[in-house]
Amino acid sequence: MSLQQDYDYAFKIAITGSSSVGKSSLMMRFTDDVFNVVLIPTIGVDFKIRSFTVDNKIVKLNIWDTAGQERFDAIIKAYYKGIHACLIVFDLTDRQTFQDVYKWFDKCKQNAKNEVKLILVGNKADLEEQRAVTYEEACNLAQELDMQYIETSAKSKQNVDQCFIQLSQDLIQQYIKQNKQIQFETQKQKSHLKPGGATIQKQQQKSAQCC
């Protein structure tokens, strides 16, 4: 008996960043639509799945929430393998977590494949009066590191769904583009190997002229 695939696209997403920036809260808000004021720090990694429809296609996201403590680095490295995208999260009210973005960016680049999509996420946007990082600063950093930037609030749900949905749309377009390129290269190779093709004909003409 064959199992019918219940989705059109499946992507593996990692959420990374310093401790207490709200990584787990973002994941829980998106997957279960809940927000807990007090959360136990993630030990190693946590994992959630959510399927939803984007542009009439069913998308399945496998979301990995990684711990922010350095003592878990050895464990976390393995979970970067095979990811399609990574959200690098910082706390808008904590400037140190913003400065730590470079560190998390480097870790992702070192352990993930080159074409992984990176998004910078400034979380806790609901705490506007406590903001320590301006929108312009975050945008400039995202531009410097060639990332998109979005501000979210797991508490108020601001931009949480939009973040994952937009990410999914971008990944679908990236997949389609790569697939078309592969098909083009395959057809190009076949045209060179096909009997009577342009390449073979040119070689035959050249041989006739030489003899």
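Numbering-wise, the sequence shown is residues 1 to 211 according to full-length UniProt numbering. The beta-carbon is built from N, C-alpha and C at its ideal position, and this holds for glycine as well.
In terms of Cα proximity to T31, the closest of F90, I49, K23 and S18 is I49.
The Cβ atoms of Q169 and D55 sit closer than 8 Å to each other. In the DSSP assignment, E151 falls within the beta strand (DSSP E) that extends over Q148 to E151.
In this structure, D161 lies away from N123, with their beta-carbon atoms at least 8 Å apart. Three or more pairs of CB atoms, one per stretch, sit closer than 8 Å, so the stretch 87 to 107 contacts the stretch 125 to 143. Contact check for I13 and L87: beta-carbon distance about 7 Å, within the 8 Å limit, so the pair qualifies.
Here the alpha carbons of Y149 and Q5 stand approximately 33 Å from one another. By the Cβ-count criterion, E144 is exposed, with fewer than 16 other Cβ atoms from all chains shown falling within 10 Å of its own Cβ.
When secondary structure is reduced to three states using DSSP, T53 falls in the strand class. For Y9, the uninterrupted beta strand (DSSP E) segment begins and ends at Y9 to G17.
Excluding residues up to 5 positions away in sequence, K12 and K113 lie with their Cβ nearer than 8 Å to the Cβ of G82 in the same chain. Contact between S18 and D46 does not hold, since the beta-carbon distance rounds to 16 Å and is not under 8 Å. Secondary structure of F90 (DSSP, three-state): strand. In the structure shown, T134 adopts coil according to DSSP, grouped into three states. Cβ atoms of I172 and Y9 come within 8 Å of each other, at about 6 Å.
Under DSSP, I119 takes part in a beta bridge, and its partners are L87 and Q148. Restricting attention to V133, D65 and D106, the CA atom closest to the CA of Q96 is found in V133.
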